[in-house]
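> Right, I'll just put the structure down here and ask away after.
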Amino acid sequence: MKQQIKVGMADLNIAAEGEVLKTTGLGSCVGLTLYDSTAKVAGMAHIMLPSSEIAREENFNKAKYADTALPMLIEHMLKLGASIGRMTAKIAGGAQMFMFAGQQDTMRIGPRNVETCKTLLGGYSIRLAAEDTGANYGRTIELDSSNGILLIRSVQHGVKEL
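In case it helps, the numbering used here puts the sequence shown at residues 22 to 183.
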């Protein structure tokens, strides 16, 4: 049994040496994963919101927002020998869990999280290798640091491998 490293909500972590990163309860949140296949270093962030601009406090949780979680995740991975030039990304989640009449942009948290993650990855020239995003159901994901395979589990759709 490989060692599992839990990534909570608004949290991030890294894994190496065959460890597996796991996060549960991805609804509108996005599970952003990075992998360097040469260094065999994996990273995962459980992102709740697209932008830290709305953070009211000075010492806010950087893992909660896409724009602050990604640079932090990259920084942690670099310390373990990963290289930005070798990283690929996979994302999951970003569901639209509830439908509202009128559907203002503020209610489109899931889709906005996905769009923001893609834009930020582009800024680092990190290729998005695969995604399982949108729809209206929750997901649990696991990223294996030995091979970069992302397992996606959902009640409605069973297990998918990216």
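Even for Gly, the Cβ is constructed at its ideal location relative to N, Cα and C. Note that the structure is predicted; figures quoted are calculated from it, not measured.
Could you check whether T154 and I112 sit closer than 8 angstroms to each other, using their CB atoms as the reference points?
Contact: yes.
> Going by the beta-carbon positions, is the gap between H67 and G52 smaller than 8 angstroms?
It is a contact, given that the beta carbons lie within the stated cut-off.
> Quick check on I162: buried or exposed, where buried means 16 or more other Cβ atoms within 10 Å of its Cβ?
Counting Cβ neighbours within 10 Å, I162 comes out buried, since at least 16 surround it.
> Going by DSSP, what residue range makes up the beta strand (DSSP E) through L33?
Taken as a continuous stretch (DSSP letters only), the beta strand (DSSP E) holding L33 covers 33 to 37.
> When DSSP builds the beta bridges, which residues end up paired with I112?
Its beta-bridge partners are L53, E152.
> I want to know whether the segment 103 to 118 touches the segment 138 to 148 - three or more CB-CB distances under 8 angstroms.
Yes, since at least three Cβ pairs between the segment 103 to 118 and the segment 138 to 148 fall closer than 8 angstroms, the two stretches touch.
> Whose CA, out of R160, A36, G131, lies closest to the CA of S166?
Residue A36 is the option with its Cα nearest to S166.
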